[in-house]
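Asker:
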Amino acid sequence: MGDPTWDVVVVGAGVCGCAIARELSRLQASVLVVEAREDVCCGTSKANSAIVHAGFDAPTGSLMARLNVEGASLFPQLSRDLDFAYERIGSLVVCTREEDLPALRALLERGRANGVPELSIVGRDDLVRMEPNVSDAAVAALWAPTGGICDPFDLTCALAENAAANGVSFSLNERVTGLHRLPDDTWGVSTTRGTRVARVVVNAAGVHADEVHGMASIQPMKIVPRRGQYELLDTTAGNHVRHTVFALPTKMGKGVLVTPTVHGNLLVGPTAEDIEDKDGTQTTAEGLARVREASMLTVRDIPFRETITSFSGLRAHRPEHEFAIGEVPDAPGFVDCAGIESPGLSASPAIGRMVAGIVRDILGLSEREGFVATRRGFPRLDRISLEDWDELVRKDPAYGRVVCRCCRVSEAQIRDACRRVPGARSVDGVKRRVGATMGRCQGGFCTPRIMQILCEEVPDLDLLGVCKSGPGSELAVARDKDGIGGEAHEA
Amino acid sequence: MRPEAISRLADYDVAVVGGGSAGLSAAIAAYDAGATRVLVLERDVRLGGILNQCIHNGFGLHRFGEELTGPEYAARYERALGERPIDVMTQTTVLRVVPGQGIVAVSPEHGVFRICCKAVVLAMGCRERPRGALDIPGTRPAGVFTAGTAQHLVNVEGVLPGREVVILGSGDIGLIMARRLTLEGAHVRCVAELMPYSGGLKRNIVQCLDDFGIPLLLSHTVVGVEGQGRVSAITLAKVDDRLRPIPGTEERIPCDTLLLSVGLLPENELSREAGVRINPATRGAYVDDSLMTSVPGVFACGNVLHVHDLVDFVSEEAAHAGECAARYAMGDGSTDTGVAVTVVAGDGVRYTVPSSLHPRTMPEAVTLRFRVTGVREHCRLSAYLGNERVSTRRRDIVVPGEMQELKVRAEQLASAGGDEPLTVVVEGA
Amino acid sequence: MERETLTCIRCPRGCQVTVSLEGGEVVAVEGNCCPRGEAYARKEVTAPERVVTTTVPVDGSTDWAVVSVKTAGDVPKRLVESVVAELSGVRAEAPVHIGDVVLRDVCGTGVDVVATRDAI
Chain A
1246 MGDPTWDVVV VGAGVCGCAI ARELSRLQAS VLVVEAREDV CCGTSKANSA
1296 IVHAGFDAPT GSLMARLNVE GASLFPQLSR DLDFAYERIG SLVVCTREED
1346 LPALRALLER GRANGVPELS IVGRDDLVRM EPNVSDAAVA ALWAPTGGIC
1396 DPFDLTCALA ENAAANGVSF SLNERVTGLH RLPDDTWGVS TTRGTRVARV
1446 VVNAAGVHAD EVHGMASIQP MKIVPRRGQY ELLDTTAGNH VRHTVFALPT
1496 KMGKGVLVTP TVHGNLLVGP TAEDIEDKDG TQTTAEGLAR VREASMLTVR
1546 DIPFRETITS FSGLRAHRPE HEFAIGEVPD APGFVDCAGI ESPGLSASPA
1596 IGRMVAGIVR DILGLSEREG FVATRRGFPR LDRISLEDWD ELVRKDPAYG
1646 RVVCRCCRVS EAQIRDACRR VPGARSVDGV KRRVGATMGR CQGGFCTPRI
1696 MQILCEEVPD LDLLGVCKSG PGSELAVARD KDGIGGEAHE A
Chain B
583 MRPEAISRLA DYDVAVVGGG SAGLSAAIAA YDAGATRVLV LERDVRLGGI
633 LNQCIHNGFG LHRFGEELTG PEYAARYERA LGERPIDVMT QTTVLRVVPG
683 QGIVAVSPEH GVFRICCKAV VLAMGCRERP RGALDIPGTR PAGVFTAGTA
733 QHLVNVEGVL PGREVVILGS GDIGLIMARR LTLEGAHVRC VAELMPYSGG
783 LKRNIVQCLD DFGIPLLLSH TVVGVEGQGR VSAITLAKVD DRLRPIPGTE
833 ERIPCDTLLL SVGLLPENEL SREAGVRINP ATRGAYVDDS LMTSVPGVFA
883 CGNVLHVHDL VDFVSEEAAH AGECAARYAM GDGSTDTGVA VTVVAGDGVR
933 YTVPSSLHPR TMPEAVTLRF RVTGVREHCR LSAYLGNERV STRRRDIVVP
983 GEMQELKVRA EQLASAGGDE PLTVVVEGA
Chain C
11 MERETLTCIR CPRGCQVTVS LEGGEVVAVE GNCCPRGEAY ARKEVTAPER
61 VVTTTVPVDG STDWAVVSVK TAGDVPKRLV ESVVAELSGV RAEAPVHIGD
111 VVLRDVCGTG VDVVATRDAI
């Protein structure tokens, strides 16, 4: 395809691929991100707990623990630089049986050993004050004020946009099908669109990272898609808890978390099911029932009748349960960023730094001048003051046309989402960037209008071509009466 | 957010939130009852609300004595509105209703602004229950639509949302869409209904399903959705008498579309924020005989108050709300309405609107609107004040899908002391 | 003798009415609870009619891609799908007003198809 030799091809535009790309864009390097799906943030990154973990879970000394704590510490500044939704609301690990208190204290000690700041154990009285709907059985909790919540769509898109603004190229709807070493020690990257040439290939392919790894290395790697199912409740239930509430893992089970989201909803989940199918993102009646049941362990009276959607995501689980990050010994210039499961989202800013550092050392790259660290986010009309909203309408009247009534998203933001690089090309692309269709009506009213705006903003797109999320997910299949003309007959 | 910091655009007697069937009727009635400054705020680019996409006929039999389509019915009210000096703001989204002060709204033309008004009529309508509210398991591909979204695509955008269609829910919108999609070239495999009876009108079952040989499967639900990009199949199952799927009865149906017509929910987010008390049975406001909510000066009507099955009754109810809002706005501010009689849903009745009456100030006669809890033949709808039956009406048959009416006269309540409720029941004939 | 069973639509009860026919003439109506049911059944088995509503594309309108239409009167039920098929090639030109004829004498029924909304 007349393509240049790229210094780096990053495979996968999830939160890690985009974080890596952004860190690489600080360096004097040509960088291409190839993504099999239609948009950034379409795999593991889009369907998870949206939690920034404080970092007490992973075993002390593990890469997971180190990158989690480092990543969490980077979030406040990163969210200011990139203007994405992040709130440090703190998290609680709730212990519901006296006999499990030693395990809670062990968690506290592990957290401290991992370097998590400000951890403490709160007794029942304080806990009830902090979290009035905590289960009646709760006896104590581990309090981690540095735990937080974020919008993983917003984070990933922000990283991608900022990387693009700093010169990184993105190619979507392009799946990597093979890797081969070329005589000049570069990599030939075969894709559904041809061949790319790269000096370094970074494997950030999420649940498919084992397949991409296998294209370059004979060392075995196994990724097991671990499904997590969730229930998302309306904003009317968003205040049911004020912090992220985890259950202390015990012999009785792992429990699920209950947390507010940055959009004001209540999120409950996930399950943990190891499955075979890497597209197996369907929910199941049993899984959703388990979510509801397990949530009652730590939080009472969750108003599940306010559920507006359920979904599931796949974590890229490795049986070793540890991130696999580094240049692969039998594949020089091929860098794994694999097995990124929880706390991967929390660790992603640190993962980006680490992987970019590895690539820099391989290629001997130096920093370039002119890196722009900031990105303009989307106004949140549901959060800003009325005066600020008024100001926006003065500048662009489209801010006065509310399209998504449930989440208060205006026409201006939707057009803006389409005009970004990489920009929205589908209804879900709009959803991921500005939150339209995410509310209580789930796009019932605004989907047709968003389809129209996409047609106006995206070249060569008409209503029949508008997709929910990429090719094959067209929302309309024909014009009215298509195929019935000319064969008039009596019924 | 401080409303007082926002620029004040204008002052009105009555502001109507929503320009659909309820809002149009309320505004006209408010003007006709003496409110000279009336405003309609509509979020869409045009008036008429959901009637614009309801292109089938059957509207207006009660109100106009003829069968109109939705757009024609809306046009009649728009014309009547246009004949009066009533202000209309389209593309205007109401952000807050501030009791006793007015409304904060946003529009491309005016930015964020507020208007002051003496009375507000809430006429925001309702929304459809989405898939998530049913927790149907499976994948989340394109091709799962609420019936109303599909109706918009077919009737307004002119595109078909699918070729092979299964419809869940036999409410009227689901039935109407079965016919519409069939006529436009799609194949509707079946309509599945969770309940052992349809919530839709008999006429729609005959003319939308039977006419086209579309099967209606009662006591069935969807227990699975398959497909990655687009729906490829759904799984149906029979349900038991507690509405739970029966294992072993699953049937997989290849299709590319699942339409949901599984209930309507009044859109009361603005009302709740304004402090309006909401009746859990209707998900709409508690109102008195003037259709005033628990917040003085704030009235409610149409589908935001309770979900109706006929637009004619929406118009009638909304006209009453508009008239009462005008009277409130133009009145001397006296709110002494005397004793209030609570209206209670008794045996066989799910809810009533209104939920309280003021015998001293109420109109000569008030229409109670309510729904029954089950199918009942040869019965009476009656209202009792203590042991005294103050109103009754014979009905050959009542069904939950059809709203019932019962008139109560003020004189019959004259003796009420306020401690005794008025109980509405379904009883033997 | 032919027998035909249908659901009465005159009230929510939905009586299953059985009509017996001989040589196209109704000889008996059973199963109905009231006279309205008999009248409905007689009409429905001998000369069922429907109003057809659909849309046609409209050119030159700033507001609408399609304009809603209906048959100005009842057409024979057996022609419902033919009416839609005959409309499948029809386009309207803005401005269209409520009541404007979009297609005359559809399927030879003598009934016109008219617009049910304005499309300016």
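Chains A, B and C, in that order, are what the protein sequence lines are. Just so we're aligned: 1322 in my numbering is position 77 of the first sequence, and the numbers increase by one with no gaps anywhere. Just so we're aligned: 840 in my numbering is position 258 of the second sequence, and the numbers increase by one with no gaps anywhere. Just so we're aligned: 38 in my numbering is position 28 of the third sequence, and the numbers increase by one with no gaps anywhere. Yeah, the Cβ is synthetic: ideal placement off N, Cα and C, and Gly gets one too.
Measure from the C-beta of residue 717/B to each C-beta in chain A and report whether the shortest distance is under 8 Å.
Answerer: Interface residue, yes.
Asker: I want to see whether chain B comes within less than 8 Å of residue 1735/A, judged by CB atoms only; does it?
Answerer: The predicted position of residue 1735/A is uncertain, since its pLDDT is 39 and thus under 50; a value taken from the coordinates is nonetheless stated next. No, no contact with chain B.
Asker: Are residue 746/B and residue 836/B closer than 8 Å when you measure CB to CB?
Answerer: Against a cut-off of 8 Å, the Cβ pair of residue 836/B and residue 746/B comes out as a contact.
Asker: I need the straight-line Cα distance from residue 994/B to residue 864/B, nearest angstrom please.
Answerer: Going from the Cα of residue 994/B to the Cα of residue 864/B covers about 27 Å.
Asker: On the premise that residue 1464/A lies in contact with residue 1297/A, defined as a C-beta separation below 8 Å, what is that separation, rounded to the nearest angstrom?
Answerer: That belief does not hold up - the Cβ atoms of residue 1297/A and residue 1464/A are roughly 32 Å apart, past 8 Å.
Asker: Hey, quick one: how far does the beta strand (DSSP E) through residue 816/B stretch, first residue to last?
Answerer: Here the beta strand (DSSP E) through residue 816/B covers 815-820.
Asker: Rounded to whole angstroms, what's the CA-CA distance from residue 28/C to residue 50/C? Just pull it up for me.
Answerer: Roughly 11 Å between the two C-alpha positions.
Asker: Kindly provide the ranges of any beta strand (DSSP E) runs that are 3 or more residues long and lie completely inside the segment 640-728 of chain B, ordered along the chain.
Answerer: Here the runs fully enclosed are 669-671, 675-680, 684-689, 693-704, 708-710, 726-728.
Asker: Please go through the segment 76-130 of chain C and give each complete alpha helix (DSSP H) segment of 4 or more residues, from N-terminal end onward.
Answerer: DSSP runs (the alpha helix (DSSP H)) wholly in the segment 76-130 of chain C: 90-97.
Asker: If you follow the beta strand (DSSP E) that residue 1552/A is in, where does it begin and where does it stop?
Answerer: Segment 1552-1562, the beta strand (DSSP E) holding residue 1552/A.
Asker: Report the rounded CA-to-CA distance for residue 1735/A versus residue 88/C, giving the unit in angstroms.
Answerer: Any reading at residue 1735/A is ruled out, since the residue's pLDDT is 39, under 50, leaving its predicted position unreliable.
Asker: Beta strand (DSSP E) containing residue 1267/A: first to last residue?
Answerer: Not the beta strand (DSSP E): residue 1267/A falls in the alpha helix (DSSP H), residues 1260-1269.
Asker: Hey, does residue 1729/A have any beta-carbon neighbour from chain C nearer than 8 Å?
Answerer: Yes, residue 1729/A lies at the interface with chain C (some Cβ there is under 8 Å from its Cβ).
Asker: Assuming residue 85/C contacts residue 65/C (C-beta within less than 8 Å), just tell me the rounded distance between them.
Answerer: Going by Cβ atoms, the distance from residue 85/C to residue 65/C rounds to 17 Å, so no, they are not a contact pair.
Asker: Return helix, strand or coil for residue 583/B, following the three-state DSSP convention.
Answerer: With a pLDDT of 48 at residue 583/B, under the threshold of 50, the modelled position of that residue is not reliable, and the figure given next carries that caveat. DSSP places residue 583/B in coil when its eight states are reduced to three.
Asker: Report all residues from its chain with a CB closer than 7 Å to the CB of residue 1582/A; omit the five preceding and five following residues, and keep chain order.
Answerer: Cβ within range, chain order: 1261, 1265, 1447, 1448, 1449, 1570, 1596, 1600.
Asker: I need the straight-line Cα distance from residue 583/B to residue 1325/A, nearest angstrom please.
Answerer: Bear in mind that the predicted position of residue 583/B carries a pLDDT of just 48, short of 50, making it unreliable; the figure below should be weighed with that in mind. Computed Cα separation, rounded: 23 Å.
Asker: How would you list, in chain order, the residues of chain B whose beta-carbon sits under 8 Å from the beta-carbon of residue 76/C?
Answerer: Residues of chain B passing the Cβ test: 737, 738, 739, 740.
Asker: Which residues in chain B have a C-beta closer than 7 Å to the C-beta of residue 80/C? List them in chain order.
Answerer: 639, 651, listed in chain order.
Asker: Figure out for me which residue from 1452/A, 1681/A, 1425/A, 1443/A has the closest Cα to the Cα of residue 1520/A.
Answerer: Closest by alpha carbon: 1452/A.
Asker: Quick check on the DSSP output: the beta strand (DSSP E) that includes residue 960/B runs from which residue to which?
Answerer: From DSSP, the beta strand (DSSP E) with residue 960/B extends over 958-967.
Asker: At least one CB of chain A closer than 8 Å to the CB of residue 71/C: is that the case?
Answerer: Not closer than 8 Å to any Cβ of chain A, the Cβ of residue 71/C fails to qualify, so no.
Asker: So, is residue 181/C buried or exposed, given that buried needs 16 or more other C-beta atoms within 10 angstroms?
Answerer: With chain C running from 11 to 130 in the structure shown, residue 181/C is simply not present.
Asker: Along the chain, where does the beta strand (DSSP E) containing residue 1656/A start, and where does it finish?
Answerer: It is not in any beta strand (DSSP E) - residue 1656/A instead sits in the alpha helix (DSSP H) that spans 1656-1664.
Asker: Please state whether the Cβ-Cβ distance between residue 1272/A and residue 1605/A is less than 8 Å.
Answerer: Result yes, Cβ atoms of residue 1272/A and residue 1605/A sit closer than 8 Å.
Asker: Counting Cβ pairs, one atom from each stretch, are 3 or more of them under 8 Å apart for the segment 650-663 of chain B and the segment 1607-1619 of chain A?
Answerer: No, the segment 650-663 of chain B does not touch the segment 1607-1619 of chain A.
Asker: Express the C-alpha separation of residue 1291/A and residue 1395/A in angstroms, rounding to a whole number.
Answerer: Cα-Cα distance, rounded: 12 Å.
Asker: Considering only the alpha carbon of each residue, which of 843/B, 699/B, 851/B lies closest to residue 879/B?
Answerer: Nearest of 843/B, 699/B, 851/B to residue 879/B, Cα basis: 699/B.
Asker: Is there a C-beta anywhere in chain C that falls below 8 Å from the one on residue 923/B?
Answerer: No - not a single Cβ of chain C is within 8 Å of the one on residue 923/B.
Asker: Run through chain A and tell me which residues come within less than 9 Å of residue 805/B, C-beta to C-beta.
Answerer: Within chain A, the residues near residue 805/B are 1530.
Asker: Taking contact to mean at least 3 C-beta pairs separated by less than 8 Å, is the segment 776-791 of chain B in contact with the segment 980-988 of chain B?
Answerer: The segment 776-791 of chain B is in contact with the segment 980-988 of chain B.
Asker: Using alpha carbons as the reference points, say which of 604/B, 903/B, 815/B lies closest to residue 894/B.
Answerer: Ranking 604/B, 903/B, 815/B by Cα distance to residue 894/B puts 604/B first.
Asker: Which residues in the same chain have their Cβ closer than 6 Å to the Cβ of residue 1732/A, if we skip the five residues on either side of it in sequence?
Answerer: In this prediction, residue 1732/A scores a pLDDT of 47, lower than 50, which makes its location untrustworthy; the coordinate-derived value is nonetheless stated afterwards. Excluding residues within five positions, none has a Cβ falling inside 6 Å.
Asker: Distance cutoff 8 Å, beta carbons only. Does residue 1725/A sit that close to anything in chain C?
Answerer: So yes, residue 1725/A belongs to the interface.
Asker: Residue 1501/A to residue 1540/A, Cα distance in whole Å?
Answerer: Whole-angstrom Cα-Cα distance: 6 Å.
Asker: Over what stretch of residues does the beta strand (DSSP E) that includes residue 862/B continue unbroken?
Answerer: No beta strand (DSSP E) holds residue 862/B; DSSP gives it neither H nor E.
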